[in-house]
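Engineer: To convert, count from 1 in the sequence shown and add 142; that's this note's numbering.
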Amino acid sequence: MESQRKKFFCKAPRKVSWSFSAGLRSSTKAAFLWKDHGLQGQTDGRHCSAMEELRDSKLSSGDSDVQRLRLHRETASLLPAQSLGSRMSMPLGKQVFFAGVAASGSCAILYYLVQKTFSRASYYQLALEQLHSHPEALEALGTPLNVHYLRLTDKYNFVDIADAKLKIPVSGPKSEGHLYVSSSRDAPFKRWNLQEVFLELKDGQQIPLFKPSRDNDEVKKE
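#1: Around the C-beta of Ile310, are 16 or more other C-beta atoms found within 10 angstroms, so that it is buried, or is it exposed?
#2: Going by DSSP in three states, Gly319 sits in which element: helix, strand or coil?
#3: Assuming Leu273 contacts Leu351 under a Cβ cut-off of 8 Å, what Cβ separation, rounded to an integer in Å, is found between them?
#4: Quick check on Ala300: buried or exposed, where buried means 16 or more other Cβ atoms within 10 Å of its Cβ?
#5: Mapping the DSSP letters down to three states, classify Phe150 as helix, strand or coil.
#6: In angstroms, rounded to a whole number, what distance separates the CA positions of Gly314 and Lys236?
#7: Could you round the C-beta distance between Gly319 and Lys297 to whole angstroms and report it? I think they count as a contact, below 8 Å.
#8: Just the Cα atoms here: how many angstroms apart are Pro286 and Phe239?
#9: Pop quiz: Arg327 and Ala304 are said to be a contact at Cβ under 8 Å. What is the actual Cβ separation, rounded to whole angstroms?
#10: Based on Cα-Cα distance, which residue from Asn335, Pro330, Gln337, Ala279 lies nearest to Ser317?
#11: Just verifying my parser: in three-state terms, what is the DSSP assignment at Gln348?
#12: Spatial neighbours of Leu294 within its chain, please: CB distance less than 7 Å, with the 5 preceding and 5 following residues excluded, ordered by chain position.
#13: Between Pro330, Gln348, Asp302, Asn288, which has its C-alpha nearest Tyr322's C-alpha?
#14: Which two residues bound the contiguous alpha helix (DSSP H) that contains Pro277?
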């Protein structure tokens, strides 16, 4: 019995020390992995190194196995808690950044689609044809002509089922101005008819480009 007790007491500390050394290696390996992947900040790295030095100094002083295990558990529980805050803050910042990029991109696409819809409308194309075929307007602006995007916040730009009014910015080498367009149609899905088109230069001069004649109005009424 005494020999068995001696064997038991001799082997027990070895098992405890082996389990502690294995736990120490695993925690040290985990700390190196956290550092390699950049999950810890500079403050967390200094804190972890200080904790490791404190643990090594206490281990070298010859403490008991129970104190070693307790110290190992305390330091191991502190390492993930310190790296958790920095690990959660980075994805949040990325989410805000990507959300802002997506929102600005969607607004730009929507603005482009609205401008494209106006430029393809028949009343828009008919007004530009009147401008390009008018010698006085071309002489005042100069060639080549540049047609710019509509200012969507302008109150003059208005389109509904039966009426359409646009204020198209145009420019040339000599001057710049706005092309005012007024158009209407009898019913939805019918053809648009120009009512009035004139060019207003930046100095206030107005050049009439199109206005339906009385003869055409009488023919339509008949």
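Beta carbons are placed, not taken as given, at the ideal position from N, Cα and C, and that holds for glycine.
Structural biologist: The short version:
#1: As a first step, residue 310 is located in the sequence shown; it is residue number 168 there, counting from the start. For Ile310, the number of other beta carbons within 10 angstroms of its own is at least 16, and it is reported as buried.
#2: As a position in the sequence shown, residue 319 is number 177, starting the count at 1. Gly319: strand per DSSP, three-state reduction.
#3: By 1-based counting over the sequence shown, the position of residue 273 is 131. By 1-based counting over the sequence shown, the position of residue 351 is 209. At roughly 6 Å, the Cβ-Cβ gap stays under 8 Å, so Leu273 and Leu351 are in contact.
#4: Along the sequence shown, read from residue 1 onward, the residue named residue 300 stands at position 158. The residue you asked about is not Ala; residue 300 is Phe in the sequence shown. Under this definition Phe300 is an exposed residue.
#5: Here the question's residue 150 lines up with position 8 in the sequence shown. Annotation note: pLDDT 42 at Phe150 (below 50); position unreliable, coordinate value reported separately. Correct three-state label for Phe150: helix.
#6: Residue 314 sits at position 172 when you count from the first residue of the sequence shown. Residue 236 sits at position 94 when you count from the first residue of the sequence shown. About 45 Å.
#7: Position 177 of the sequence shown holds residue 319. Position 155 of the sequence shown holds residue 297. 18 Å between Cβ atoms; not a contact.
#8: Here the question's residue 286 lines up with position 144 in the sequence shown. Here the question's residue 239 lines up with position 97 in the sequence shown. Taking the straight line from one Cα to the other gives about 42 Å.
#9: Here residue 327 corresponds to residue number 185 of the sequence shown, with the count starting at 1. Here residue 304 corresponds to residue number 162 of the sequence shown, with the count starting at 1. Confirmed, about 6 Å.
#10: Residue 317 sits at position 175 when you count from the first residue of the sequence shown. When each option's Cα is compared against that of Ser317, the closest is Ala279.
#11: By one-based count along the sequence shown, residue 348 stands at place 206. Three-state result, Gln348: strand.
#12: Residue mapping note: residue 294 aligns to position 152 of the sequence shown, counting from 1. Cβ within range, chain order: Val256.
#13: Counted from its first residue, the sequence shown places residue 322 at position 180. Comparing Cα positions, the closest option is Gln348.
#14: Counting from 1 along the sequence shown, the entry for residue 277 is found at position 135. That run of the alpha helix (DSSP H) goes 277 to 283.
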